[in-house]
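Residue numbers (numbering that gives the first Met the number 0), protein chains in the order written: chain G, 0 to 144; chain E, 0 to 144; chain R, 0 to 81; chain H, 0 to 81.
Take a look at the structure below.
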Amino acid sequence: MGVVVQSAAFDLAAEIAEFSGRVLGAGAVVTFTGVVRPEGGLTGMEIEHYPGMTERAIARIVDEAVRRWSLEDALVIHRYGPLKPGEAIMMVATAARHRGDAFAAAEFLMDYLKSRAPFWKKESRDGGATWVAAKDEDEAALKRW
Amino acid sequence: MGVVVQSAAFDLAAEIAEFSGRVLGAGAVVTFTGVVRPEGGLTGMEIEHYPGMTERAIARIVDEAVRRWSLEDALVIHRYGPLKPGEAIMMVATAARHRGDAFAAAEFLMDYLKSRAPFWKKESRDGGATWVAAKDEDEAALKRW
Amino acid sequence: MIEVLYFAWVRERIGLPRERIESQAKTVAELVEELRSREERYAAAFADTTALRVALDQELASFDAPLAGVREVAFFPPMTGG
Amino acid sequence: MIEVLYFAWVRERIGLPRERIESQAKTVAELVEELRSREERYAAAFADTTALRVALDQELASFDAPLAGVREVAFFPPMTGG
Chain G
0 MGVVVQSAAF DLAAEIAEFS GRVLGAGAVV TFTGVVRPEG GLTGMEIEHY PGMTERAIAR
60 IVDEAVRRWS LEDALVIHRY GPLKPGEAIM MVATAARHRG DAFAAAEFLM DYLKSRAPFW
120 KKESRDGGAT WVAAKDEDEA ALKRW
Chain E
0 MGVVVQSAAF DLAAEIAEFS GRVLGAGAVV TFTGVVRPEG GLTGMEIEHY PGMTERAIAR
60 IVDEAVRRWS LEDALVIHRY GPLKPGEAIM MVATAARHRG DAFAAAEFLM DYLKSRAPFW
120 KKESRDGGAT WVAAKDEDEA ALKRW
Chain R
0 MIEVLYFAWV RERIGLPRER IESQAKTVAE LVEELRSREE RYAAAFADTT ALRVALDQEL
60 ASFDAPLAGV REVAFFPPMT GG
Chain H
0 MIEVLYFAWV RERIGLPRER IESQAKTVAE LVEELRSREE RYAAAFADTT ALRVALDQEL
60 ASFDAPLAGV REVAFFPPMT GG
């Protein structure tokens, strides 16, 4: 299991290759990548986080996923600081013997990272910068687990 | 949208890097990779397929996914022929503006590839080779869509 | 003339991957009956059609589907891809 | 003494990321009342606590949670990670 919180960009392909390489017995590997969507005139994004709590919160979410599903491995990488449109914000990878476990755990990790890990996104456009509001649907998504 | 059916191994990291690179406006990218699980003394696997029908069947499944969800792109790579334990059998990648669409479409593609694309797996062990039996749960998985 | 293809253990039981057949069968079920009556290896392969799937011109079909205009029939076990 | 942290627009409204506070508040809600009565910028930041979240020693908590033994309190809007 791995949790990485960093401001530097990460190499998505290399991370997935390394993760897949060390879980070759798993059968099923699922990855999710979140990218800064270059829409609505977005010129950049700044992600604030709560150092210390961030790592603890993510580690707890990963532990919960491991308790609920039969996972061989799991990885969460989440960036903070300034990001440009098209850059990867974060990724999740899960490995399991069966695809159902790998998919469910990856969706669970995403739902909880969205609403329970202390990150806040601020979007910059020509008119200025605004904090992204939490979506009701993201909070509602937690109810299915 | 892409469908690739080949006997050669594919470079998972390179495929994911290329797919992610061309869908940078998508926001959410999900990948699934199926690997030959080296368990129960498995020494190898042979995948038979139905040339011609295979490509048509997968293209139809991808079309259906595009009709059902809001996808920016989708990719299916599936191998046939001899495979060794630890090798990737196939991969699916989906890109969408929202993570829910990317996850659902990837799971849909997997469920249909399992039971509706003309591939048959034969597993080799020291005692001989046996055809993998279709699982009731895989057929049942189609009912949720 | 109709092209008949066999895959996986159906192919192994019958002992060949494909053959051209002259048949008057009007449906897949009638074709299966004809094949069953040929030889023991066909009877063995088609013993339980609930364990089989059929495709007509590369589209999944049912055993009561008509064969009119069909050029390629394929028999195989339930698929195990992914 | 308690370390109080502010994030995102809470930090911006109050104008600082953290401060050490001498407080007799027994619960988070009491601490919020104390802060609100300090200055207008605090009143603005804490105008609607349903739009806020609180963490005690880096664990999410509720506004009626006791502060006994707590060293670090953080206030922030609902999280938007992922």
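Note that beta-carbon positions come from the ideal geometry of N, C-alpha and C, so glycine has one too.
CB of residue 33 (chain R) within 8 Å of CB of residue 24 (chain R), strictly: yes
Chain H residues whose Cβ lies nearer than 7 Å to that of residue 118 (chain G): 78, 79, 80
Best match in G:58, G:109, G:103, G:41 for proximity to residue 67 (chain G) [C-alpha to C-alpha]: G:103
Residue 55 (chain H), buried or exposed, once every other Cβ within 10 Å from all chains shown has been counted against 16: buried
Distance, residue 18 (chain H) Cα to residue 71 (chain H) Cα: 10 Å
contact_flag[the stretch 90-102 of chain G, the stretch 45-60 of chain G] where n(CB pairs < 8 Å) is 3 or more: no
Given residue 133 (chain E) as reference, the closest of E:42, E:110, E:126, E:97 once Cα atoms are compared: E:110
Opposing strand residues paired with residue 58 (chain H) [DSSP bridges]: H:55
With 16 other Cβ atoms within 10 Å as the buried cut-off, status of residue 72 (chain G): buried
Anticipated Cβ contact below 8 Å, residue 43 (chain R) with residue 119 (chain E), distance rounded: The pair is not a contact, with the Cβ atoms about 18 Å apart (cut-off 8 Å).
Min CB distance residue 15 (chain E) to chain G below 8 Å: yes
Closer than 8 Å to chain H by CB, residue 142 (chain G): no
Same chain, Cβ closer than 8 Å to residue 129 (chain G), neighbours up to 5 away in sequence not counted: 121, 122
Endpoints, alpha helix (DSSP H) assigned at residue 19 (chain E): 11-21
Residue 117 (chain E), buried or exposed, once every other Cβ within 10 Å from all chains shown has been counted against 16: buried
When E:70, E:7, E:115, E:45 are compared against residue 22 (chain E), the one with the closest alpha-carbon: E:70
When G:25, G:112, G:95 are compared against residue 4 (chain G), the one with the closest alpha-carbon: G:112
Contact set for residue 22 (chain H): own chain, Cβ-Cβ below 7 Å, skip 5 residues either direction: 1, 30, 33
Residue-chain proximity (residue 9 (chain G), chain E), Cβ-Cβ < 8 Å: no
Simplified DSSP state of residue 51 (chain E), which is helix, strand or coil: coil
Proximal chain E residues relative to residue 102 (chain G), where beta-carbon distance stays under 9 Å: 29, 31, 102, 105, 106, 109
Interfacial residues, the stretch 40-72 of chain G to chain H, with Cβ spacing under 7 Å: 47, 49, 51, 52, 55
Residue-level contact to chain E via CB, residue 34 (chain G), 8 Å cutoff: yes
Alpha-carbon to alpha-carbon, residue 63 (chain G) and residue 144 (chain G): 11 Å
Residue 27 (chain R) beta carbon less than 8 Å from that of residue 75 (chain R): no
Contact set for residue 60 (chain H): own chain, Cβ-Cβ below 6 Å, skip 5 residues either direction: 53
Chain H within 8 Å of residue 77 (chain G), Cβ atoms only: yes
Helix, strand or coil at residue 114 (chain E) according to DSSP, with G and I counted as helix: helix
Alpha carbon of residue 42 (chain G) to alpha carbon of residue 125 (chain G), nearest angstrom: 7 Å
Residue 135 (chain G): first and last residue of the uninterrupted beta strand (DSSP E) it sits in: Where residue 135 (chain G) is concerned, there is no enclosing beta strand (DSSP E), although the alpha helix (DSSP H) it sits in stretches over 135-140.
Chain-ordered residues of the stretch 126-140 of chain G with a beta carbon less than 7 Å from chain H: 130, 131, 133
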